C-alpha cells in the first residue's frame with residue numbers, strides 16, 4: 002500500500018499544486034473525477050482495511066462537481082486549501 006501512496010504522490014501532490022502549469026492542473030482535476038467515478042480511488046487494498054473510506058455515490062458527485070468547477074471556472078492557477 003505504501004507503494005500506491007508514493008506512486009499517487011508522484012502523479013498528484015497537492016503540496017506542490019502551485020508548481021503545476023494550469024493545463025496540468027486541469028488535466029489532474031479531470032482525471033481525479035474519472036478515477037473516483039470508476040471507483041479506482043481509494044484503492045481496493047485500502048478500502049479492504051478501511052471500509053468506511055469507500056466513496057458513496059454522493060461522495061463521488063461532490064468530488065466531481067468540485068473538480069469540474071475548479072477546472073472550468075478558473076483561468077488562473079486554482080488554489081488548493
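In the numbering used here, the protein residues as written are 2 to 82. Ideal placement from N, C-alpha and C gives every residue a C-beta, glycine not left out. It should be emphasised that the depicted structure is a prediction, and the values quoted were computed from it without experimental measurement.
Contact between residue 57 and residue 33 is ruled out by a C-beta separation of about 17 Å, above the 8 Å threshold. A Cβ-Cβ contact shorter than 7 Å links residue 71 with residue 30. Residue 37 is classed as buried because its beta carbon has at least 16 other beta carbons within 10 Å across all chains shown.
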